[in-house]
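Written below as structure tokens is the structure these notes are about.
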Amino acid sequence: MSKRLANIAWETFSALPLTEKTSFLMQSDGAPYHTLFAQQFDYALLDQLATLANEIRAIAKTRVGAEFLSQQVTHKRAMLYFSQPSSRTFLSFVSACQILGVQTGEVRDTAISSEFKGESREDSVRTFSSYFDLIIMRTPEKGLAEHMAWVLSNSDRPIPIINAGSGQDQHPTQALLDIYTLLRSFERGGGLRDKTVVFCGDLLRGRTVRSLSYLLTNYPNVRQLFVAPEPLQVGTDVLAILEQKGVPFARTDDFHAAIREADAVYMTRIQDEWDNAKGESAAIDTHRFKFGLDELALLPPRAIIMHPLPRRDEIVTAVDGDPRAMYWRQMRNGMWIRTALIAMTFGCEKRIHDYFRHNN
Ligand code: CP
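Just so we're on the same page, our numbering is the position in the sequence shown counted from 1, plus 17.
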């Protein structure tokens with residue numbers, strides 16, 4: 018477990034840059050204990066996770082393999098605390114837990130938990146830790162998962178937290194499944210190095226973009242193109258990291274030119290749930306930032322189309338049948354990579370590797 022987080026004051030820890038926080042969150046073998054930020058994952062760890070996810074999906078194909086997996090973490094229970102709507106992340110984490118034999122509980126609406134009676138988030142999370150061994154949490158508040166990780170690490174029931182989406186800030190496990198999808202898609206195309214990833218849509222408020230943009234910096238010479246209407250262009254915090262790491266990038270509103278250069282186009286929804294004023298997003302002209310059949314015609318033959326989903330109209334459904342449309346497979350990849358993450362969090366990856374080697 019992460020002992021160091023119990024030895025640092027919250028004010029000191031929270032003031033550290035993300036890259037320095039990382040060492041407080043990892044286990045001694047390099048596996049994540051708390052999973053809070055994309056910055057915790059380097060090239061080697063991403064490779065380990067992708068390999069483990071590949072092994073798990075291969076093992077799960079047979080009944081005897083699925084039974085083996087379902088015996089791995091039967092002694093642990095996970096709490097899914099989602100105070101913000103979710104379909105994919107919630108269900109894929111539930112499925113991941115089921116694959117490994119982890120039993121689950123859930124709070125999806127704080128109006129029916131004791132928060133409604135005025136209980137603080139800290140007390141709620143400490144309450145969950147009394148009954149469970151892992152908390153997977155989605156919140157609208159930036160930094161809450163991080164604070165709760167510190168609170169629990171300083172309690173008598175220190176258990177890991179996985180951030181399943183925190184405000185507009187980070188969605189690290191979405192970025193893991195995005196990277197896993199890219200790695201699988203380019204397995205026979207030279208890997209991820211030297212590729213161009215085009216992000217399009219609401220890049221300012223999309224937490225998946227912030228997390229994925231960072232993870233891509235682990236791969237050599239991956240160029241990032243950010244295509245958005247000016248009010249929704251990617252944040253300066255993201256660009257500062259790319260500049261610091263010497264990553265090639267550009268901001269543009271010319272979607273068609275970007276598509277011609279793309280190896281992957283990552284579409285995002287307009288995140289109007291974060292509007293400060295009524296109708297703020299609706300006033301922005303977004304019609305040039307949608308993916309339809311005209312855009313499909315411009316896409317290079319080996320490029321892929323991704324989307325964290327849910328979508329509205331930013332990808333027309335007529336695109337869904339194209340073999341380059343990867344968003345449905347991307348969603349299922351989320352279940353496998355989250356299974357791998359939970360397996361690593363609970364330290365059972367060696368048993369899975371051994372089983373895979375002996376049976377494949
Ligand atoms: N991509 C994603 O986080 O989807 P959900 O909001 O449905 O979990």
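In this text, a Cβ means the ideal position worked out from N, Cα and C, and glycines have one as well.
The structure displayed is predicted, hence computed values, not measured ones.
- Assigned secondary structure, N180 (DSSP; H/G/I helix, E/B strand, else coil): strand
- Compute the minimum distance between the beta carbon of R222 and the heavy atoms of the ligand CP, and state whether it is under 6 Å. no
- Message: I need the DSSP call for N238, collapsed to helix, strand or coil.
- Response: coil
- Excluding the five sequence neighbours on either side, which residues of its own chain have a C-beta within less than 6 Å of the C-beta of A48, listed in chain order? M361
- Item | Cβ-Cβ separation, T127 to S103 (assumed contact under 8 Å), whole Å | 14 Å between Cβ atoms; not a contact.
- Message: Taking the beta strand (DSSP E) that L151 belongs to, which residues open and close that run?
- Response: 151 to 156
- Sorted by chain position, which residues of the same chain lie with C-beta nearer than 7 Å to S298's C-beta, five sequence neighbours on each side aside? I287, D289, D292
- Item | Expected contact under 8 Å - CB spacing of A95 and D150 to nearest Å | 7 Å
- Query: Around the ligand CP, which residues pass a check of Cβ closer than 7 Å to any of its heavy atoms?
  - Reply: P102, S103, S104, R105, T106, F107, G182, H188, Q191, T225, P325, L326, P327
- Query: CB-CB under 6 Å to Q191, same chain, minus the five flanking residues each way: which ones, in chain order?
  - Reply: T225, P325
- Message: Can you find the residues in the same chain that come closer than 7 Å, C-beta to C-beta, to S112, ignoring five residues on each side of it along the sequence?
- Response: M352
- Query: Quick one, which of A32, S31, N24, R328 has its alpha-carbon nearest G223's?
  - Reply: R328
- Message: Taking its Cβ as the centre, do 16 or more other Cβ atoms sit within 10 Å of G296, making it buried, or is it exposed?
- Response: exposed
- Task: Would you grab the beta carbon distance between V282 and C217 for me? Rounded to a whole angstrom, and I think it's under 8 Å.
- Result: 6 Å
- Task: Can you give me the start and stop residues for the alpha helix (DSSP H) that Y50 sits inside?
- Result: It is not in any alpha helix (DSSP H) - Y50 carries neither H nor E in the DSSP assignment.
- Message: What does the Cβ neighbour count give for V81, buried or exposed, with the cut at 16 atoms within 10 Å?
- Response: exposed
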